[in-house]
Every structure is written in structure tokens, then in C-alpha cells.
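Using UniProt numbering, the first residue of the sequence shown is number 1, and each one after it goes up by one. What follows is a set of notes on a single structure, which appears directly below.
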Amino acid sequence: MMMMMMMMMRRGDAMLVRRVLQHAVLRQCGVGSVGRMALLVARRGFAAYPEHVVVSMPKLSPTMEMGNIAAWKKKEGESYAEGDVLAEVETDKATVSFEATDEGVIAKILKPEGTSDVKVGDPIAISVDDESLVAAFKDYAAEEQVQPPAPTPAKAAAQPAPAGTTPNPPPSSPPSSQSRSPSAAAASMPNPSRSHGAVLASPYAKFLAREQNKTLDGLIGSYPGGFVVSADLAQAGSTRMASQETGDRKLTMMSSAELDQARSALAEQFAASKREVPHYYLKVECKFGNFREFLGDETSLDDLVIKAAAAASVKVPAVNSTWMGATIRQFADVDINVALETKSGYLATPVLRQVERRGLSSIAKELKELKRMAQEDDISGMDQSTGTFTIMMHSDVSEVSAIIRPPQSAVLTIGAVRDVLSTQPQFIKSGKVPVEKVTVEPAFTATLSCDHRVVDGAVGARWLAAFKSHLESPFNLLL
Numbered sequence: 001m002m003m004m005m006m007m008m009m010r011r012g013d014a015m016l017v018r019r020v021l022q023h024a025v026l027r028q029c030g031v032g033s034v035g036r037m038a039l040l041v042a043r044r045g046f047a048a049y050p051e052h053v054v055v056s057m058p059k060l061s062p063t064m065e066m067g068n069i070a071a072w073k074k075k076e077g078e079s080y081a082e083g084d085v086l087a088e089v090e091t092d093k094a095t096v097s098f099e100a101t102d103e104g105v106i107a108k109i110l111k112p113e114g115t116s117d118v119k120v121g122d123p124i125a126i127s128v129d130d131e132s133l134v135a136a137f138k139d140y141a142a143e144e145q146v147q148p149p150a151p152t153p154a155k156a157a158a159q160p161a162p163a164g165t166t167p168n169p170p171p172s173s174p175p176s177s178q179s180r181s182p183s184a185a186a187a188s189m190p191n192p193s194r195s196h197g198a199v200l201a202s203p204y205a206k207f208l209a210r211e212q213n214k215t216l217d218g219l220i221g222s223y224p225g226g227f228v229v230s231a232d233l234a235q236a237g238s239t240r241m242a243s244q245e246t247g248d249r250k251l252t253m254m255s256s257a258e259l260d261q262a263r264s265a266l267a268e269q270f271a272a273s274k275r276e277v278p279h280y281y282l283k284v285e286c287k288f289g290n291f292r293e294f295l296g297d298e299t300s301l302d303d304l305v306i307k308a309a310a311a312a313s314v315k316v317p318a319v320n321s322t323w324m325g326a327t328i329r330q331f332a333d334v335d336i337n338v339a340l341e342t343k344s345g346y347l348a349t350p351v352l353r354q355v356e357r358r359g360l361s362s363i364a365k366e367l368k369e370l371k372r373m374a375q376e377d378d379i380s381g382m383d384q385s386t387g388t389f390t391i392m393m394h395s396d397v398s399e400v401s402a403i404i405r406p407p408q409s410a411v412l413t414i415g416a417v418r419d420v421l422s423t424q425p426q427f428i429k430s431g432k433v434p435v436e437k438v439t440v441e442p443a444f445t446a447t448l449s450c451d452h453r454v455v456d457g458a459v460g461a462r463w464l465a466a467f468k469s470h471l472e473s474p475f476n477l478l479l
């Protein structure tokens, strides 16, 4: 193998060397000869074109399933080296730079700037090794890639059912658009909805039909029984849909807005958390009348809450952990995500790293800058990766029970500040008769949402007590 490679390198055939190395790596990984050829042919692309590489949408975050092309940093015909930024990709977390891992020339951009919802693995560009090959890909289309062979048809047709009997239907599955048309699918199966004058359709298909002013009447869906899904709406006729009436009240169409990639991913993440994570909630009232006396005007209540939460996580480290299935992993650092509302209404969750090691002034400085970025909708520079704990602060409601953000095990919410009556023991001049002095003091309700698989009730209570102690005696945070 080495002698062959040296001979090829003497001839300057770098491309052939690369192919030999690829075969060797795939053989080492246990891929058979047929599989190796299939992988390398797919990498080379369509045979009618010169040697090229299909650049696919990368997976730039652990939860990323699709992304948006925010900007191309390399244009068609431009060369790039390893480490160069090819494009800016908007993921479910933030806008991330897509860096090259090899050198080459961009021959064709398949997904232009502004393309949204590109699935991970889908082709986004074509790369070649030499600039002279770029012109050959002027009319290249993504559909021209090698497609997998169609499944081999059955050798024998199914035997006809005996007279007077009905054969069992095959397992329900969506028919492909190439095998049979929706009308043929519906004609071969009973359609109970037609007998009652109703249309069987998914809720999402009905919603899209209302949004697009289309009617589902007479539409035969592509799923078994003529069931209509969203993909069938292209065949639906456009019409002015009448507003629905309930009694004397009319339901009118409201405006709607498409979800961006980040918000869709966040919605799926929280929905899965609520379904799968056993939540429980603990609440405590925190008073902070001594706050200004010790910290002055430069430090805000938000800064104090973040530092007190980090100190409590050091004292009760079981809360600063994650569920791993067979094990529970405990983190050494306390990295806190802080929920901030942006100018456009989007919820950003930047992370503050190693809060337990930092002073209040350092926390205050970074948080102030993050709030400025959120107010100006400048979130591209925020580090929104997942920390070990999350804090949400609400100034309009008294209490909030938040959903845990996986893989974290707890989230703390702070309600609106309100004035409460506080009593303190005081002695009259003789010093013998105690009396209670009634004062008005600011306070809020703190709610801790915990994952019961990781944080037992007693552990969560100890954490909340430690948080309250640090917040009501902020002098301890300065030590």
C-alpha cells in the first residue's frame, strides 16, 4: 500500500492518493467492497460531471435537525482552505460559522442565501479541486445526484382471494407518489367519510386549508381511506371559505406567523421535556430589604439572584447535575442560562460561565451587556449553548412554574417584586420587654422546578433554603 502511494505521489496524482486513502479508511471501519464503492461514487457525484464533492448541511449543534443559510462567505468560483468560513448557518441555537475541513473551490451553490429549513445532510454546494472545473457545473441541479435503485418488484403476484371473502389489507403506510396516485389509492380502499358528507383530514391540513383559503370538499387524500394530510393541499381548489359560526358568534380568521428554526426547535424541546421529565415545584418567599445597604446602586437584583443561585448550587451540588439514563452526571462548574426577551419578542437564553468563581461586579458587567444586545435584537454574538442551570425573571406575574430545559435538572423562576409586611424583634429602653417592629420590605416568590429523577424533594428544599439565605444576607456573597 505504501509503495503504491509513493509511486502515485511521484506522478503527482493527488486525487488518486486521496481515493486510496478513503478506501483504506473505509476498509478499516469494516465497510465491504460494495459499500466502499457506493460511498465513494456518492461522494464523487453524478458520473456526467467531473470529479467533485457534494457539500452537505452540517450538524452544528447536538439538537440541530435543519438550518437556514444566513450568508455565503465564499462565492461560486472562489477557492478556500482548511479552516475558512464557507457560510453562516442559523441553527436551533444561534448563527454559527460553517468552516471548511479541506481545501477546494466552490463550483456551485445549491442553496442560496436566505434558504430556510435545510435538513442536516441535504446538499448545499458543490466543491471541486481545480478552478477550471467550475464551468462544468453551471447548470448542475441537486436532483441530478445518484439516486438509490428502486426496490425489486415481487416475483409473483398475490393469489386472488377465494370467492365470498375479502383479503386482509396490507399494513397502513403512506404510498409513494411514484407507485400510485392519490385517486387510485382512495379508489382501492373504502372511504367512510364520504358517506357522512365529512372530510377526514389531519388538524394541520385543516389549519393550512383555512390559512390558504382552500376547501377540502371533494379532495381525496393520499393516505389510506382518502385521509388528507398537508401534502395533499396542492390539489385542493382555492375558494373563499365562509367564516364558521357558533350560535350567534362568528369566528373570523386571525393573522399567523411562521416559526423560525430556533423557535420551532425550542418548542419541540420543551414539549418533550414536559412529556418525559417528572416535574415537581418548590416555592419560597425571599425578602431583600438589606440588598442596597450592602451592595449599593451598581448591582441589580438580577445580578444578586444569579450569584445566589450559583452559591446554592455549590452548597447543594446535586441540583447542578443531569440525567444520563443509567447514571447521574454532576458538573464541576455552574454555567447559568439567563432568559432575556429581545426587542422582537424572541426569548434568548445566553449562558454565563463559571458563575460560582466570579464576583458580583463581573456578573453585573456581562449581564448588562447581554441585556443591551437583547434590547437591540443583536443576539448573533450571544453564546446560547446549554448551561447547567437556568434562571427566568418575570416582572409582570407573581409566580411562574417553568418547564425544565433538558439536559438540565432544574430551573429557577423569579416573580414580580412586591411590598410585604415584615416584623423584627426590638427592645424598649429597659431592654427587658421585647416588642415587634413592623416594616415594609420588598420581596418576591422564587419557584424551583426540579427533575424528580435527579433531585429528590429534600435536596430541592435544601437548595431553595440556601438560595434564600444567600439572597437575604448578601454580605455572605462578598466573602
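Using N, Cα and C, we set each Cβ at its ideal position, and we do this for glycine too.
Report task. Output yes or no for whether 8 angstroms exceeds the beta carbon distance between ILE124 and GLU78. Result -> no
Query raised in the report: Going by Cα to Cα distance, which pick from VAL316, GLU76 and PHE270 is closest to SER469?
Result: VAL316
Query raised in the report: With burial defined as no fewer than 16 other Cβ atoms inside 10 Å of the residue's Cβ, what is the status of GLU258: buried or exposed?
Result: exposed
Report task. Find the nearest neighbour of SER273 within the set GLN408, PHE137, ALA466 and ASN68, judged by alpha-carbon distance. Result -> GLN408
Query raised in the report: In three-state terms, what does DSSP make of LYS108?
Result: strand
Query raised in the report: Looking at VAL118 and ARG59, is the spacing between their C-beta atoms short of 8 angstroms?
Result: The sequence as given places Lys at residue 59; Arg does not occur at that position. Going by C-beta atoms, LYS59 is not nearer than 8 angstroms to VAL118.
Report task. Tell me, please, whether the region 438-458 touches the region 412-424 by the rule of three or more beta-carbon pairs shorter than 8 angstroms. Result -> yes
**Report entry** Rounded separation between GLU88 and ALA70 - CA only
**Finding:** 5 angstroms
Query - Span of the beta strand (DSSP E), counted from its first residue to its last, around GLN330 - result: 328-330
**Report entry** Candidates LEU266, ALA309 and ASP419: closest to THR390 by CA position
**Finding:** ALA309
Query raised in the report: Measuring CA to CA, which of LEU208, THR447, PRO62 and GLU298 is closest to GLN384?
Result: PRO62
Query raised in the report: What separation, rounded to the nearest whole angstrom, lies between the Cα atoms of ASP260 and GLU472?
Result: 41 angstroms
Query raised in the report: Should SER344 go down as buried or exposed, given a rule of 16 or more other Cβ atoms within 10 Å for buried?
Result: exposed
Requested in this report: Within the same chain, show all residues whose beta-carbon is closer than 7 angstroms to that of THR445, passing over the 5 residues directly before and after it, in chain order.
Outcome: LYS283, GLU285, SER398, GLU399 and GLY415
Query raised in the report: Would a C-beta distance cut-off of 8 angstroms place GLU103 and ALA81 closer than the cut-off?
Result: yes
Query raised in the report: Could you give the C-beta distance for TRP323 and ASP122, rounded to a whole number, given that I count them as a contact under 8 angstroms?
Result: About 32 angstroms separates the two Cβ atoms, so there is no contact after all.
Query raised in the report: With GLU276 and ALA311 assumed to form a contact (beta carbons below 8 angstroms), what rounded beta-carbon distance in angstroms separates them?
Result: Rounded, the Cβ-Cβ distance is 30 angstroms, inconsistent with contact.
**Report entry** ILE306 versus VAL319: straight-line alpha-carbon distance, rounded
**Finding:** 15 angstroms
**Report entry** LYS111 beta carbon less than 8 angstroms from that of GLU76
**Finding:** no
Report task. Please go through the same chain and pick out, in chain order, the residues whose beta-carbon is closer than 7 angstroms to the beta-carbon of SER97, but skip the five residues on each side of it. Result -> VAL85 and GLU88
Requested in this report: Just grab the DSSP bridge partners of LEU421 for me.
Outcome: VAL440
Query raised in the report: When the Cα of ASP303 is compared with those of LEU367, ASP456 and ASP217, which residue comes out closest?
Result: LEU367
Query raised in the report: For ASN213, does the count of other Cβ atoms within 10 angstroms reach 16, so buried, or fall short, so exposed?
Result: exposed
Query - Start and end residues, beta strand (DSSP E) containing GLU99 - result: 95-99
Query raised in the report: Looking at the unbroken alpha helix (DSSP H) that takes in ALA227, where does it start and where does it end?
Result: At residue 227 the sequence reads Phe, which differs from the Ala that was named. Counting along the chain, PHE227 falls outside any alpha helix (DSSP H), and DSSP gives it neither H nor E.
Query raised in the report: Under the three-state reduction of DSSP, which class applies to residue 488: helix, strand or coil?
Result: Given a span of 1 to 479 for the chain in the structure shown, any question on residue 488 remains unanswerable.
Report task. Pull up the distance between the alpha-carbon of HIS279 and that of ALA402, whole angstroms please. Result -> 10 angstroms
Query raised in the report: Skipping 5 residues on each side, what residues in its chain have a beta carbon closer than 8 angstroms to that of LYS138?
Result: LYS108
Query raised in the report: Is it the case that the Cβ atoms of ALA339 and MET382 are separated by a distance below 8 angstroms?
Result: no
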